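Working notes for the structure below.
Residue numbers (the UniProt record's numbering): 1 to 195.
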């Protein structure tokens, strides 16, 4: 069995059947379609940053839905991950292109030494992310005053031959310390892919 999905057409997985008056095509739609969201999630060592397109039975935007400004930090929509399912929690503005991850939120606080990535709230942006340089952090977490980490942000996208190893976060967090010796954030750097 091949390690990667390799086809001329997208991998489609039906999660709901629309009623007879509405259709849900299994083909890739234009990124500005009113019944779909197109977005990219952070890849892994053996899977490049991959694109998803979620299709809906009905329009997901209101008739006069505001368009995203493409400004840095603007959240276009929010997803919630439950197991392998992605659910749309909120749509703030209409994205005409492919959205990228702006930040992850964790359902409960984690500590520096935690081994598992707990990002199950995903905030997406239409703003273009810059490409990370070799010494840049591709993921930054800021601890709360209680010492726990409740999320992190994605300041840049790793180059093609690299990936941001957030899903296998054990021993990847690099503490950033201020002049008082206090940890102000943890950073994760891009890692070269094995292929």
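We treat Cβ as the ideally placed atom computed from N, Cα and C, and that holds for glycine.
In this text, all values refer to a predicted model and were calculated from it rather than measured experimentally.
Mind checking residue i: buried by the 16 CB within 10 Å criterion, or exposed?
i	result
residue 30	exposed
residue 12	exposed
residue 27	exposed
residue 72	exposed
residue 17	exposed
residue 125	buried
residue 100	buried
residue 104	buried
residue 38	buried
residue 165	buried
residue 82	exposed
Just how far apart, CA to CA, sit residue i and residue j?
i	j	result
residue 152	residue 110	11 Å
residue 106	residue 43	19 Å
residue 159	residue 132	7 Å
residue 102	residue 96	16 Å
residue 36	residue 122	17 Å
residue 60	residue 34	6 Å
residue 171	residue 86	27 Å
residue 183	residue 58	47 Å
residue 169	residue 62	39 Å
residue 186	residue 54	32 Å
residue 180	residue 114	25 Å
residue 142	residue 149	6 Å
residue 89	residue 161	32 Å
residue 144	residue 22	46 Å
residue 74	residue 19	34 Å
Pull up the CB-CB distance for residue i and residue j, whole angstroms please, since I reckon it's below 8 Å.
i	j	result
residue 163	residue 129	Contact doesn't hold; Cβ gap of about 14 Å is too wide.
residue 40	residue 98	6 Å
residue 66	residue 94	7 Å
Given 8 Å, three or more beta-carbon pairs between the segment 130-143 and the segment 67-81 = no
Inter-stretch contact at 8 Å, needing at least 3 Cβ pairs: the segment 175-195 / the segment 117-128 | no
Residue ranges of each beta strand (DSSP E) within the UniProt domain "DUF5731" (46-153), 3 or longer = 50-55, 77-82, 85-91, 100-110, 119-125, 137-143, 149-153
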